[in-house]
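Numbering (my numbering), first residue to last: 646 to 797.
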């Protein structure tokens, strides 16, 4: 009896091809463009998630290690400069530092007031957005893997 019920269940279930389903949905085409992208055509969903997750985890893990190293180097350098300043090995011209900081603040205010991207940057941003839209599953796997890599 059990074998007969299993075959009935298998016959009543249909496989759903998500790639074909999404091509027939107008909202999907409006949101993600006319096709789902090159990686979606080459690989199935599970493969895209695995590839994105593994590359994201590796990238996140490397970012975490490099970030710790950079933070240690910057903190150590600042600590050594403070010791050198207090012991008299170096002398800081604080008025010059203040003038440079004020100049930098003015430059930031000037550049942020316009907030318009140069054509080169805008075209690169558009390329990245197009890639992310065409490869949404791969991108999602990468983002998840990246966060896991950063936390491990």
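Here a beta-carbon is modelled for each residue, glycine too, at the ideal position from N, C-alpha and C. Note that the structure is a prediction, hence the values are computed from the model and not measured.
What's the C-alpha gap between residue 827 and residue 717? Past the edges of the chain, shown from 646 to 797, lies residue 827, and the structure says nothing about it.
For residue 822, the first and last residue of its enclosing alpha helix (DSSP H): Summary: the structure shown does not reach residue 822, with the chain confined to residues 646 through 797, and so no result is reported for it.
Is the shortest distance between the beta-carbon of residue 727 and the beta-carbons of chain B less than 8 Å? Looking for chain B here will not work: only one protein chain is present.
Secondary structure at residue 700, three-state DSSP: helix, strand or coil? DSSP places residue 700 in helix when its eight states are reduced to three.
Whose C-beta lies closer than 7 Å to the C-beta of residue 795 among residues of the same chain, with five residues either side of it excluded? Closer than 7 Å at Cβ, skipping near neighbours: 705, 708, 709.
In angstroms with no decimal places, state the Cα-to-Cα distance between residue 698 and residue 772. Rounded to the nearest angstrom, the two C-alpha atoms are 22 Å apart.
Quick check: the Cα distance between residue 729 and residue 722, rounded to an integer number of angstroms? Straight across, the Cα-Cα distance linking residue 729 with residue 722 is about 10 Å.
Does the beta-carbon distance from residue 787 to residue 701 come in below 8 Å? Yes. Within cutoff.
When you compare each of 734, 767, 693 to residue 789 by their alpha carbons, which one comes out closest? Selected option, being the one with the closest Cα: 693.
With 16 other CB atoms within 10 Å as the buried threshold, where does residue 797 fall? Exposed, since its Cβ has fewer than 16 Cβ neighbours within 10 Å.
Would you kindly check if the distance between the Cβ of residue 696 and the Cβ of residue 783 is under 8 Å? The Cβ atoms of residue 783 and residue 696 lie closer than 8 Å to each other.
My output table needs one value for residue 719: the three-state DSSP class, helix, strand or coil. Of the three classes helix, strand and coil, the one that applies to residue 719 here is helix, per DSSP.
State the DSSP-derived secondary structure class of residue 782, mapped to helix, strand or coil. Residue 782: helix per DSSP, three-state reduction.
When the Cα atoms are used, what is the spatial distance from residue 748 to residue 739? Looking at the two C-alpha atoms, the distance is approximately 14 Å.
If you run the structure through DSSP and keep just helix, strand and coil, what is residue 771? If DSSP states are grouped into helix, strand and coil, residue 771 belongs with the helices.
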